[in-house]
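K.L.:
Below are the structure tokens for one structure; questions will follow.
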Amino acid sequence: MKKLVSISVVLMVLCAFTAGTAMAQAKPIEWKMISTWTPAINLIDADKYFAKVVNELSGGRFKITVHPAPELVPPQQVFDAISKGSFPIGGEWPNYWAGKNSAFDLLGSYPMGLCQYDYVNWYYHAGGRDIFNWLYGKYNMMYFTHCVTPMESGIRTNVPIKNLADYKGKKLRMSGKAQGHILKKLGASQVMLAGAEIYQALQLKTIDGAEFCSDSIDWGMGFGEVTKFNIGPGWHQPSSLLGAMINKDAWNKLPEEFKKYIDIAAQAGCSYMSSWYENDNASAIEKFRKAGTQVFKLNNEELKVLEGYSWEYLLEEGKRNPDFLKVAVSQFQYLKDFRVTRDKQEPFAQGRNPFTIPNLPGLK
Numbered sequence: 058m059k060k061l062v063s064i065s066v067v068l069m070v071l072c073a074f075t076a077g078t079a080m081a082q083a084k085p086i087e088w089k090m091i092s093t094w095t096p097a098i099n100l101i102d103a104d105k106y107f108a109k110v111v112n113e114l115s116g117g118r119f120k121i122t123v124h125p126a127p128e129l130v131p132p133q134q135v136f137d138a139i140s141k142g143s144f145p146i147g148g149e150w151p152n153y154w155a156g157k158n159s160a161f162d163l164l165g166s167y168p169m170g171l172c173q174y175d176y177v178n179w180y181y182h183a184g185g186r187d188i189f190n191w192l193y194g195k196y197n198m199m200y201f202t203h204c205v206t207p208m209e210s211g212i213r214t215n216v217p218i219k220n221l222a223d224y225k226g227k228k229l230r231m232s233g234k235a236q237g238h239i240l241k242k243l244g245a246s247q248v249m250l251a252g253a254e255i256y257q258a259l260q261l262k263t264i265d266g267a268e269f270c271s272d273s274i275d276w277g278m279g280f281g282e283v284t285k286f287n288i289g290p291g292w293h294q295p296s297s298l299l300g301a302m303i304n305k306d307a308w309n310k311l312p313e314e315f316k317k318y319i320d321i322a323a324q325a326g327c328s329y330m331s332s333w334y335e336n337d338n339a340s341a342i343e344k345f346r347k348a349g350t351q352v353f354k355l356n357n358e359e360l361k362v363l364e365g366y367s368w369e370y371l372l373e374e375g376k377r378n379p380d381f382l383k384v385a386v387s388q389f390q391y392l393k394d395f396r397v398t399r400d401k402q403e404p405f406a407q408g409r410n411p412f413t414i415p416n417l418p419g420l421k
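Numbering of the sequence shown is given in this note's numbering, commencing with residue 58 and proceeding in unit increments.
Shown next, in the form of structure tokens:
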């Protein structure tokens with residue numbers, strides 16, 4: 058009997074030692090998430106929410122810490138840093154990388170294109186996710202969208218722009234090659250500036266106006282202090298898809314359980330943060346009103362003109378770049394197929410049916 062007790066004690070000690078050793082060896086996986094957003098731009102909150110959900114789901118076994126630009130990497134270098142594996146994950150807006158491949162210009166936003174929940178619908182249910190992983194896969198990355206912000210607030214200016222004719226001769230900060238094409242058609246000049254540089258440019262009046270994001274984000278960046286007018290709607294960016302790029306080698310090393318946490322966190326962000334940015338607009342619009350901002354709005358006939366210019370660039374770039382065409386066909390096939398749903402749901406539908414559908418080769 059004493060022998061049995063002794064053996065049991067020894068086994069218990071061995072088991073405890075083995076378990077303790079295993080726990081010591083199972084150190085948390087820690088990832089640094091670099092971002093294109095500075096602390097002053099509250100788009101960084103989408104990255105932070107995503108990381109928070111991953112951390113909570115894993116019980117601290119998988120830790121993601123968010124590092125705003127330029128803490129570890131300048132914003133324009135985030136793409137290459139993830140592609141090369143210098144860091145495992147980065148938060149961003151896809152259109153920033155259009156210089157590498159113009160197809161990226163469709164993934165984050167496109168003039169007169171997908172609205173907020175069009176992007177969510179397309180990404181999860183109409184082939185968008187495969188498109189993202191195919192394009193980012195060319196650069197050794199996986200992709201997870203974790204937020205889609207609503208329509209941009211329009212252009213904030215120091216001089217009134219009330220209609221399309223008023224665009225002529227204006228110097229406007231606006232991102233995107235398609236947007237540049239449209240501004241040129243309107244007789245305006247496109248000025249490329251990083252988000253952090255916009256306030257000063259407006260303050261010094263080196264530009265006549267600028268766009269950045271939705272009302273709540275514009276207010277947080279202080280644009281109510283340096284502009285007097287706002288021309289909408291945000292035709293140049295009907296919505297903005299944000300997400301996380303993940304280096305493929307880092308992804309492949311992750312346990313399947315942790316991969317699932319990333320997927321769930323991205324889906325949670327698409328729900329919570331997308332609606333958070335949308336809801337936060339109401340108070341921001343009121344703050345701009347109290348600050349004395351005068352708001353003007355283009356009419357449908359003017360929007361039809363802009364849509365024509367946008368489709369013109371779409372067809373031209375589709376001929377130049379097969380990757381661009383592949384993305385465009387996927388997005389506009391979704392819009393064309395979804396049209397019957399939106400028509401039936403009118404006036405309670407989200408988003409908009411385009412006035413026309415571009416005649417893209419391959420569109421069914």
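All C-beta atoms in this analysis are idealised placements derived from N, C-alpha and C, irrespective of residue type, glycine included.
Taking the alpha carbon of Ile101 as the reference point, which residue from Gly408, Leu311, Cys270 and Pro411 has its own alpha carbon closest?
P.N.:
Ranking Gly408, Leu311, Cys270 and Pro411 by Cα distance to Ile101 puts Cys270 first.
K.L.:
Which residues in the same chain have their Cβ closer than 8 Å to the Cβ of Leu250, if we skip the five residues on either side of it in sequence?
P.N.:
Contacts found: Arg230, Ala258, Ile264 and Ala267.
K.L.:
Please tell me whether Ala30 and Phe107 are closer than 8 Å, where the distance is taken between their beta carbons.
P.N.:
No statement about residue 30 is possible, as the shown extent of the chain runs from 58 to 421 and does not include it.
K.L.:
Rank Asn197, Asn304, Gln260 and Ser331 by C-alpha distance to the C-alpha of Ile274 and give the top, closest one.
P.N.:
Ranking Asn197, Asn304, Gln260 and Ser331 by Cα distance to Ile274 puts Ser331 first.
K.L.:
Are the CB atoms of Asp104 and Gly148 within a distance shorter than 8 Å?
P.N.:
Yes.
K.L.:
To the nearest angstrom, how far is the alpha carbon of Glu374 from that of Asp380?
P.N.:
Approximately 10 Å between the Cα atoms of the pair.
K.L.:
Look at the Cβ atom of Phe389, then the Cβ atom of Leu417, and state whether they are nearer than 8 Å.
P.N.:
In contact: Phe389 and Leu417 (Cβ atoms closer than 8 Å).
K.L.:
So who's on the other strand from Trp94, going by DSSP bridges?
P.N.:
The partner list for Trp94 (beta bridge, DSSP) is empty, contrary to what the question assumes.
K.L.:
Where do the N-terminal and C-terminal ends of the beta strand (DSSP E) with Lys120 fall, by residue?
P.N.:
Lys120 -> beta strand (DSSP E) spans Phe119 to His124.
K.L.:
Are the CB atoms of Tyr200 and Asn190 nearer to each other than 8 Å?
P.N.:
Going by C-beta atoms, Tyr200 is nearer than 8 Å to Asn190.
K.L.:
From the DSSP output, read off the bridge partner residues of Trp179.
P.N.:
Bridge partners of Trp179: none, in fact.
K.L.:
Rounded to whole angstroms, what's the CA-CA distance from Gln134 to Ile146? Just pull it up for me.
P.N.:
If you take the alpha carbons of Gln134 and Ile146, they lie about 13 Å apart.
K.L.:
Can you tell me which residues form a DSSP beta bridge with Phe353?
P.N.:
Ile288, per the DSSP bridge assignment.
K.L.:
Can you tell me the Cα-Cα spacing of Trp333 and Phe405, whole angstroms?
P.N.:
Rounded to whole angstroms, Trp333 to Phe405 spans 20 Å at the Cα level.
K.L.:
Using only the alpha-carbon positions, how far apart do Gly277 and Ile98 sit?
P.N.:
Straight-line Cα distance between these residues: approximately 7 Å.
K.L.:
Can you tell me whether Gln294 is buried or exposed, with buried defined as 16 or more other CB within 10 angstroms of its CB?
P.N.:
Under this definition Gln294 is a buried residue.
K.L.:
For Lys305 and Lys141, I'd like the C-alpha separation in whole angstroms.
P.N.:
Their Cα atoms are separated by approximately 10 Å.
K.L.:
On the DSSP bridge list, what partners appear for Arg213?
P.N.:
Note: Arg213 sits in a beta bridge opposite Ala267 and Asn287.
K.L.:
Among Ala155, Ser246, Glu209 and Thr202, which one has its Cα closest to the Cα of Asp223?
P.N.:
Here the closest residue by C-alpha is Ser246.
K.L.:
Under 8 Å, do Ile218 and Lys227 count as touching if we go by C-beta distance?
P.N.:
Contact: yes.
K.L.:
Is the number of C-beta pairs between the segment 310–323 and the segment 123–131 that are closer than 8 Å three or more?
P.N.:
The answer is no - the segment 123–131 does not touch the segment 310–323, with fewer than three Cβ pairs under 8 Å.
K.L.:
At which residue ranges does the segment 302–381 contain complete alpha helix (DSSP H) runs of 4 or more residues, listed in the order of the chain?
P.N.:
For the segment 302–381, whole alpha helix (DSSP H) runs of length 4 or above, ordered along the chain, are 305–310, 313–347 and 357–377.
K.L.:
Output yes or no for whether 8 Å exceeds the beta carbon distance between Val205 and Gln236.
P.N.:
Contact flag unset, no.
K.L.:
In this structure, does DSSP put Lys421 in helix, strand or coil?
P.N.:
Coil, per DSSP.
K.L.:
Can you tell me whether Phe144 is helix, strand or coil according to DSSP?
P.N.:
Phe144: coil per DSSP, three-state reduction.
K.L.:
Please report the residue range of the alpha helix (DSSP H) in which Ser273 lies.
P.N.:
Run containing Ser273: Asp272 to Gly277, per the alpha helix (DSSP H) assignment.
K.L.:
Nearest CA to the CA of Asn357: which residue from Gly116, Ile342, Asp337 and Phe412?
P.N.:
Ranking Gly116, Ile342, Asp337 and Phe412 by Cα distance to Asn357 puts Phe412 first.
K.L.:
Could you work out which residue in Lys421, Trp292 and Ile255 is closest to Gly281 when comparing CA atoms only?
P.N.:
The shortest Cα separation from Gly281 among Lys421, Trp292 and Ile255 belongs to Ile255.
K.L.:
Using the Cα positions of Gly349 and Leu355, report the straight-line distance between them to the nearest angstrom.
P.N.:
Those two C-alpha atoms are separated by around 20 Å.
K.L.:
Going straight from the alpha carbon of Tyr329 to that of Asn336, what length do you get?
P.N.:
Approximately 10 Å between the Cα atoms of the pair.
K.L.:
Please report how far the alpha carbon of Gly244 lies from the alpha carbon of Leu164, in whole angstroms.
P.N.:
Cα-Cα distance, rounded: 27 Å.
K.L.:
Relative to the alpha-carbon of His182, which residue among Gly408, Asp400, Lys401 and Leu392 has its alpha-carbon at the smallest distance?
P.N.:
Cα-wise, what sits closest to His182 is Leu392.
K.L.:
Can a CB atom of chain D be found closer than 8 Å to the CB of Gly148?
P.N.:
In the structure shown, chain D does not exist; there is a single protein chain.
K.L.:
Should Met169 and Glu364 be called a contact, given that it needs their Cβ atoms to be closer than 8 Å?
P.N.:
For Met169 and Glu364, yes; Cβs fall inside 8 Å.
K.L.:
Consider the C-beta atom of Lys316 and the heavy atoms of the ligand SAM; say whether any pair is separated by less than 7 Å.
P.N.:
Inclusion of the ligand SAM in the displayed structure is not the case, the ligand content being empty and no account of it being possible.
K.L.:
In three-state DSSP terms, what is Gly300?
P.N.:
Reduced to three states, the DSSP call for Gly300 is strand.
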